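What follows is one structure encoded as C-alpha coordinates, with my remarks underneath.
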Amino acid sequence: MARIPPPRTSTVAAIYRAYESANTPRDGKTIPVGQLAEPCARKLWYDFRWASPHEEHSGRILRLFETGNLEEERWIDNLRMIGCEVVDRQEDGRQIRVDLCGGHVGGYLDSEILGLPEAPKTWHVGEMKSHNAKSFAALKKDGVQKAKPLHYGQMQVYCHARGRDRAIYLAVCKDTDELYAERIHYDAEYCLRLLAKAERIRDASEPPPGVDNYTCQWCKHRAICKEDAWPRSNCRTCLYSSPEEGGTWACSRFNKPLSLEEQAAGCPAHLTLPGLVPGEQIDADEEAETVTYRLRNGQIWRDGAANENDKEAPDAA
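Our numbering puts the first residue of the sequence shown at -13, with every later residue one more than the last.
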(Lines of atoms letter the chains of each structure in order from A and count residues from 1; the text may use other names and numbers.)
(Lines give C-alpha, C1' and ligand atoms only; values in the text may rest on other atoms or scores of the structure.)
Protein backbone atom coordinates (compact mmCIF):
# COMPACT_ATOMS: atom_id res chain seq x y z
CA MET A 1 0.00 0.00 0.00
CA ALA A 2 1.30 3.42 -0.91
CA ARG A 3 2.37 5.59 2.00
CA ILE A 4 0.05 8.52 2.65
CA PRO A 5 2.08 11.74 2.62
CA PRO A 6 1.86 13.91 5.72
CA PRO A 7 -0.55 16.84 5.43
CA ARG A 8 0.86 20.27 4.63
CA THR A 9 0.88 22.49 7.69
CA SER A 10 -1.66 25.27 8.00
CA THR A 11 1.14 27.86 8.22
CA VAL A 12 2.66 26.83 4.89
CA ALA A 13 -0.74 26.65 3.23
CA ALA A 14 -1.62 30.11 4.53
CA ILE A 15 1.62 31.60 3.19
CA TYR A 16 1.07 30.08 -0.23
CA ARG A 17 -2.52 31.38 -0.28
CA ALA A 18 -1.26 34.85 0.62
CA TYR A 19 1.03 34.83 -2.40
CA GLU A 20 -1.81 33.67 -4.63
CA SER A 21 -4.20 36.31 -3.26
CA ALA A 22 -1.66 39.08 -3.85
CA ASN A 23 -0.96 37.97 -7.41
CA THR A 24 -2.95 39.66 -10.17
CA PRO A 25 -2.28 38.00 -13.55
CA ARG A 26 -1.71 40.59 -16.27
CA ASP A 27 -1.16 40.45 -19.98
CA GLY A 28 2.17 41.66 -21.28
CA LYS A 29 2.05 45.01 -23.04
CA THR A 30 4.98 44.11 -25.31
CA ILE A 31 6.89 41.15 -26.67
CA PRO A 32 9.38 40.60 -23.81
CA VAL A 33 13.08 41.00 -24.66
CA GLY A 34 13.70 37.87 -22.60
CA GLN A 35 11.53 35.80 -24.95
CA LEU A 36 12.82 37.04 -28.32
CA ALA A 37 15.13 34.06 -28.80
CA GLU A 38 12.19 31.68 -28.33
CA PRO A 39 12.33 29.35 -31.38
CA CYS A 40 8.53 29.21 -31.80
CA ALA A 41 7.37 32.46 -33.42
CA ARG A 42 3.78 31.26 -33.14
CA LYS A 43 4.04 31.09 -29.37
CA LEU A 44 5.30 34.69 -29.27
CA TRP A 45 2.45 35.78 -31.56
CA TYR A 46 -0.16 34.12 -29.34
CA ASP A 47 1.40 35.86 -26.33
CA PHE A 48 1.39 39.23 -28.08
CA ARG A 49 -2.23 38.79 -29.13
CA TRP A 50 -3.42 37.68 -25.66
CA ALA A 51 -4.91 34.58 -27.22
CA SER A 52 -4.89 32.16 -24.28
CA PRO A 53 -6.19 32.37 -20.71
CA HIS A 54 -3.85 33.58 -18.01
CA GLU A 55 -1.60 30.99 -16.43
CA GLU A 56 -2.42 30.30 -12.78
CA HIS A 57 0.68 29.93 -10.62
CA SER A 58 0.72 28.28 -7.21
CA GLY A 59 1.92 30.13 -4.15
CA ARG A 60 5.09 28.04 -4.15
CA ILE A 61 5.94 29.07 -7.71
CA LEU A 62 5.18 32.72 -7.00
CA ARG A 63 7.54 32.58 -4.02
CA LEU A 64 10.17 30.98 -6.27
CA PHE A 65 9.87 33.95 -8.66
CA GLU A 66 10.45 36.25 -5.70
CA THR A 67 13.57 34.28 -4.77
CA GLY A 68 15.01 35.06 -8.20
CA ASN A 69 14.47 38.78 -7.58
CA LEU A 70 16.17 38.54 -4.19
CA GLU A 71 19.19 36.88 -5.81
CA GLU A 72 19.52 39.87 -8.15
CA GLU A 73 19.81 42.18 -5.13
CA ARG A 74 22.43 39.90 -3.60
CA TRP A 75 24.49 39.88 -6.81
CA ILE A 76 24.46 43.67 -6.87
CA ASP A 77 25.66 43.78 -3.26
CA ASN A 78 28.43 41.26 -4.09
CA LEU A 79 29.61 43.29 -7.08
CA ARG A 80 29.79 46.45 -5.01
CA MET A 81 31.73 44.53 -2.35
CA ILE A 82 34.54 43.98 -4.89
CA GLY A 83 34.58 47.61 -6.01
CA CYS A 84 32.31 47.56 -9.08
CA GLU A 85 30.02 50.43 -9.98
CA VAL A 86 26.56 48.97 -10.52
CA VAL A 87 23.65 50.93 -12.00
CA ASP A 88 20.29 49.23 -11.63
CA ARG A 89 17.97 52.23 -11.66
CA GLN A 90 17.26 55.27 -13.81
CA GLU A 91 17.57 58.76 -12.35
CA ASP A 92 13.87 58.69 -11.45
CA GLY A 93 14.38 55.54 -9.38
CA ARG A 94 12.68 53.17 -11.78
CA GLN A 95 14.32 50.08 -13.24
CA ILE A 96 16.17 50.65 -16.54
CA ARG A 97 13.69 50.11 -19.37
CA VAL A 98 14.33 49.53 -23.07
CA ASP A 99 11.76 49.67 -25.87
CA LEU A 100 12.28 48.58 -29.48
CA CYS A 101 10.29 47.83 -32.64
CA GLY A 102 8.06 50.87 -32.32
CA GLY A 103 7.56 50.25 -28.61
CA HIS A 104 6.20 46.70 -29.05
CA VAL A 105 9.30 44.93 -27.75
CA GLY A 106 10.43 45.82 -24.25
CA GLY A 107 12.15 44.77 -21.08
CA TYR A 108 13.98 45.81 -17.94
CA LEU A 109 17.73 45.48 -17.43
CA ASP A 110 19.00 43.85 -14.26
CA SER A 111 22.00 46.20 -14.24
CA GLU A 112 24.93 47.84 -16.00
CA ILE A 113 28.34 47.24 -14.44
CA LEU A 114 31.71 49.02 -14.54
CA GLY A 115 34.90 47.80 -12.90
CA LEU A 116 34.73 44.04 -13.44
CA PRO A 117 38.17 42.48 -12.74
CA GLU A 118 38.24 40.98 -16.26
CA ALA A 119 37.77 44.39 -17.95
CA PRO A 120 37.80 47.25 -15.41
CA LYS A 121 37.26 50.08 -17.89
CA THR A 122 34.38 48.55 -19.90
CA TRP A 123 30.70 48.93 -19.11
CA HIS A 124 28.83 45.61 -19.24
CA VAL A 125 25.15 44.80 -19.42
CA GLY A 126 24.58 42.52 -16.42
CA GLU A 127 22.09 39.65 -16.42
CA MET A 128 21.55 37.73 -13.18
CA LYS A 129 19.84 34.34 -12.96
CA SER A 130 19.44 31.47 -10.51
CA HIS A 131 19.52 27.78 -11.53
CA ASN A 132 18.88 24.37 -10.06
CA ALA A 133 21.79 21.93 -9.97
CA LYS A 134 21.00 20.25 -13.31
CA SER A 135 20.60 23.55 -15.15
CA PHE A 136 23.72 24.97 -13.53
CA ALA A 137 25.79 21.95 -14.57
CA ALA A 138 24.65 22.37 -18.18
CA LEU A 139 25.52 26.06 -18.05
CA LYS A 140 29.07 25.35 -16.84
CA LYS A 141 29.52 22.65 -19.46
CA ASP A 142 28.06 24.36 -22.53
CA GLY A 143 28.03 28.11 -21.80
CA VAL A 144 25.07 30.46 -21.81
CA GLN A 145 24.52 30.63 -25.59
CA LYS A 146 23.88 26.89 -25.87
CA ALA A 147 22.53 26.10 -22.40
CA LYS A 148 20.25 29.14 -22.03
CA PRO A 149 19.59 30.62 -25.49
CA LEU A 150 16.75 32.85 -24.26
CA HIS A 151 19.05 34.45 -21.70
CA TYR A 152 21.75 34.86 -24.34
CA GLY A 153 19.30 36.60 -26.67
CA GLN A 154 18.13 38.82 -23.83
CA MET A 155 21.67 40.04 -23.15
CA GLN A 156 22.38 40.59 -26.84
CA VAL A 157 19.30 42.76 -27.32
CA TYR A 158 20.03 44.77 -24.18
CA CYS A 159 23.55 45.40 -25.50
CA HIS A 160 22.02 46.56 -28.79
CA ALA A 161 19.51 48.85 -27.10
CA ARG A 162 22.00 50.37 -24.68
CA GLY A 163 24.92 50.74 -27.08
CA ARG A 164 27.14 48.33 -25.14
CA ASP A 165 29.52 45.83 -26.75
CA ARG A 166 29.94 43.54 -23.71
CA ALA A 167 27.62 41.72 -21.33
CA ILE A 168 28.20 39.47 -18.35
CA TYR A 169 26.00 36.56 -17.32
CA LEU A 170 25.98 36.01 -13.56
CA ALA A 171 24.44 32.78 -12.31
CA VAL A 172 24.02 31.08 -8.96
CA CYS A 173 23.21 27.44 -8.21
CA LYS A 174 20.30 27.38 -5.76
CA ASP A 175 21.38 23.98 -4.42
CA THR A 176 25.00 24.82 -3.57
CA ASP A 177 25.30 28.63 -3.82
CA GLU A 178 28.13 28.15 -6.34
CA LEU A 179 28.58 31.20 -8.61
CA TYR A 180 29.27 31.38 -12.33
CA ALA A 181 30.18 34.33 -14.56
CA GLU A 182 30.54 34.47 -18.34
CA ARG A 183 31.30 37.50 -20.50
CA ILE A 184 29.92 37.72 -24.04
CA HIS A 185 30.51 40.03 -27.01
CA TYR A 186 27.73 41.94 -28.74
CA ASP A 187 26.67 40.27 -32.01
CA ALA A 188 24.98 42.87 -34.23
CA GLU A 189 23.91 40.42 -36.94
CA TYR A 190 22.29 38.11 -34.40
CA CYS A 191 20.41 41.01 -32.80
CA LEU A 192 19.11 42.32 -36.11
CA ARG A 193 17.74 38.88 -36.95
CA LEU A 194 15.92 38.74 -33.61
CA LEU A 195 14.44 42.21 -34.05
CA ALA A 196 13.38 41.43 -37.63
CA LYS A 197 11.53 38.39 -36.26
CA ALA A 198 9.87 40.59 -33.66
CA GLU A 199 8.70 43.02 -36.32
CA ARG A 200 7.19 40.17 -38.36
CA ILE A 201 5.32 38.97 -35.28
CA ARG A 202 4.14 42.49 -34.48
CA ASP A 203 2.81 43.05 -38.00
CA ALA A 204 1.28 39.60 -38.59
CA SER A 205 -2.50 39.33 -38.60
CA GLU A 206 -2.45 35.53 -38.45
CA PRO A 207 -0.33 33.02 -36.54
CA PRO A 208 3.13 32.52 -38.10
CA PRO A 209 4.64 29.05 -38.52
CA GLY A 210 5.61 27.44 -35.24
CA VAL A 211 7.70 24.54 -34.07
CA ASP A 212 6.37 21.06 -33.38
CA ASN A 213 8.39 19.19 -30.78
CA TYR A 214 8.30 17.84 -27.23
CA THR A 215 8.09 21.36 -25.74
CA CYS A 216 4.56 21.76 -27.12
CA GLN A 217 3.15 19.61 -24.31
CA TRP A 218 4.02 22.33 -21.78
CA CYS A 219 3.05 25.36 -23.87
CA LYS A 220 0.18 27.40 -22.48
CA HIS A 221 -1.12 27.87 -26.04
CA ARG A 222 -1.36 24.14 -26.79
CA ALA A 223 -5.17 24.14 -26.66
CA ILE A 224 -5.48 26.87 -29.29
CA CYS A 225 -2.56 25.73 -31.44
CA LYS A 226 -3.21 21.97 -31.41
CA GLU A 227 -6.71 21.27 -30.08
CA ASP A 228 -9.09 23.73 -31.82
CA ALA A 229 -9.76 25.73 -28.65
CA TRP A 230 -11.22 29.22 -28.99
CA PRO A 231 -9.19 32.32 -28.15
CA ARG A 232 -10.01 34.88 -25.52
CA SER A 233 -12.20 37.73 -26.70
CA ASN A 234 -10.29 41.02 -26.42
CA CYS A 235 -9.09 43.75 -28.74
CA ARG A 236 -5.84 41.99 -29.62
CA THR A 237 -7.73 38.99 -31.01
CA CYS A 238 -10.00 41.27 -33.07
CA LEU A 239 -9.81 42.05 -36.80
CA TYR A 240 -10.31 45.74 -36.18
CA SER A 241 -7.30 46.36 -33.93
CA SER A 242 -3.66 46.88 -34.89
CA PRO A 243 -0.38 47.80 -33.17
CA GLU A 244 0.76 51.39 -33.71
CA GLU A 245 3.97 53.35 -33.13
CA GLY A 246 4.83 54.15 -29.54
CA GLY A 247 3.72 50.74 -28.27
CA THR A 248 0.05 51.66 -28.65
CA TRP A 249 -2.92 49.92 -30.27
CA ALA A 250 -5.79 51.39 -32.28
CA CYS A 251 -9.26 50.30 -33.37
CA SER A 252 -10.21 50.90 -37.03
CA ARG A 253 -13.88 50.14 -36.30
CA PHE A 254 -14.26 53.12 -33.97
CA ASN A 255 -11.21 55.05 -35.21
CA LYS A 256 -9.70 55.50 -31.77
CA PRO A 257 -6.60 54.59 -29.75
CA LEU A 258 -7.04 51.81 -27.20
CA SER A 259 -5.87 51.86 -23.61
CA LEU A 260 -4.64 48.63 -22.04
CA GLU A 261 -7.88 48.43 -20.06
CA GLU A 262 -9.95 48.82 -23.23
CA GLN A 263 -7.87 46.20 -25.02
CA ALA A 264 -8.48 43.68 -22.26
CA ALA A 265 -12.22 44.40 -22.09
CA GLY A 266 -12.95 44.25 -25.82
CA CYS A 267 -16.39 45.24 -27.10
CA PRO A 268 -19.57 43.78 -28.72
CA ALA A 269 -18.24 44.61 -32.21
CA HIS A 270 -15.41 42.07 -31.79
CA LEU A 271 -14.56 40.06 -34.92
CA THR A 272 -12.13 37.22 -34.26
CA LEU A 273 -8.94 37.17 -36.31
CA PRO A 274 -9.56 34.42 -38.91
CA GLY A 275 -6.29 32.69 -38.02
CA LEU A 276 -7.65 32.09 -34.52
CA VAL A 277 -10.88 30.44 -35.66
CA PRO A 278 -10.69 26.62 -35.88
CA GLY A 279 -12.12 26.45 -39.38
CA GLU A 280 -12.16 28.13 -42.79
CA GLN A 281 -13.75 31.43 -43.77
CA ILE A 282 -16.53 30.94 -46.30
CA ASP A 283 -18.28 34.31 -46.40
CA ALA A 284 -18.14 37.89 -45.15
CA ASP A 285 -20.73 40.67 -45.04
CA GLU A 286 -19.08 44.07 -44.67
CA GLU A 287 -22.38 45.91 -44.19
CA ALA A 288 -23.61 43.53 -41.50
CA GLU A 289 -20.11 43.29 -40.04
CA THR A 290 -20.11 39.50 -39.95
CA VAL A 291 -17.72 36.78 -41.08
CA THR A 292 -18.92 33.22 -41.64
CA TYR A 293 -16.84 30.09 -41.11
CA ARG A 294 -17.14 26.37 -41.61
CA LEU A 295 -15.57 24.93 -38.50
CA ARG A 296 -13.48 21.80 -38.55
CA ASN A 297 -16.31 19.92 -36.83
CA GLY A 298 -18.58 20.81 -39.78
CA GLN A 299 -20.59 23.47 -37.97
CA ILE A 300 -21.34 26.79 -39.71
CA TRP A 301 -20.54 29.74 -37.46
CA ARG A 302 -21.17 33.42 -38.08
CA ASP A 303 -18.99 35.86 -36.15
CA GLY A 304 -19.96 39.49 -35.58
CA ALA A 305 -22.00 41.97 -33.59
CA ALA A 306 -25.00 41.73 -35.93
CA ASN A 307 -25.44 38.00 -35.24
CA GLU A 308 -28.05 37.64 -32.51
CA ASN A 309 -27.02 34.03 -31.89
CA ASP A 310 -23.34 34.85 -31.63
CA LYS A 311 -23.19 34.35 -27.87
CA GLU A 312 -24.76 30.91 -28.25
CA ALA A 313 -22.24 29.87 -30.90
CA PRO A 314 -18.99 28.04 -30.04
CA ASP A 315 -17.77 29.29 -26.71
CA ALA A 316 -14.80 31.69 -26.87
CA ALA A 317 -12.91 31.39 -23.60
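Backbone N, C-alpha and C fix where the C-beta goes; we use that ideal spot for every residue, glycine too.
This one's a predicted model, so the numbers in the text were calculated from it and none came from an experiment.
- Residue 71: member of the beta strand (DSSP E) spanning 71 to 73, first to last residue.
- Under the three-pair Cβ rule at 8 Å, the stretch 129 to 136 does not count as touching the stretch 87 to 100.
- For residue 287, the uninterrupted beta strand (DSSP E) segment begins and ends at 286 to 289.
- Around the CB of residue 242, fewer than 16 other CB atoms lie within 10 Å, so the residue is classed as exposed.
- In chain order, 99, 100, 101 and 102 place their CB closer than 8 Å to the CB of residue 70, counting only its own chain and leaving out the 5 sequence neighbours on each side.
- With a contact defined as Cβ atoms closer than 8 Å, residue 227 and residue 235 qualify at about 6 Å.
- For residue 112 against residue 96, the beta-carbon gap comes to about 5 Å, under 8 Å, which counts as contact.
- A distance below 8 Å separates the beta carbons of residue 233 and residue 15.
- In the structure shown, the three-state DSSP call for residue 277 is strand.
- In the DSSP assignment, residue 128 falls within the unbroken alpha helix (DSSP H) covering 119 to 128.
- Positions of the beta strand (DSSP E) runs, each at least 3 residues long and wholly inside the stretch 32 to 115, are given as 71 to 73, 83 to 86, 91 to 94 and 97 to 100 in order along the chain.
- When rounded, the separation of the alpha-carbon atoms in residue 249 and residue 104 is 47 Å.
- Separation of residue 188 and residue 33 (C-alpha to C-alpha, rounded to the nearest whole angstrom) is 11 Å.
- Bounds of the beta strand (DSSP E) holding residue 156 are 152 to 159.
- A straight-line Cα-Cα distance of about 18 Å links residue 263 and residue 272.
- DSSP places residue 271 in the uninterrupted beta strand (DSSP E) bounded by 265 to 271.
- Relative to the Cα of residue 43, the nearest Cα in the group 65, 2 and 195 belongs to 2.
- DSSP places residue 216 in the coil class of the three-state scheme, outside both helix and strand.
- Within the DSSP secondary-structure output, residue 224 pairs in a beta bridge with 258.
- Residue state for residue 192 is assigned as coil, using DSSP reduced to three classes.
- C-alpha of residue -11 to C-alpha of residue 4: approximately 30 Å in a straight line.
- Annotation: residue -11 is outside any alpha helix (DSSP H) and is labelled neither H nor E by DSSP.
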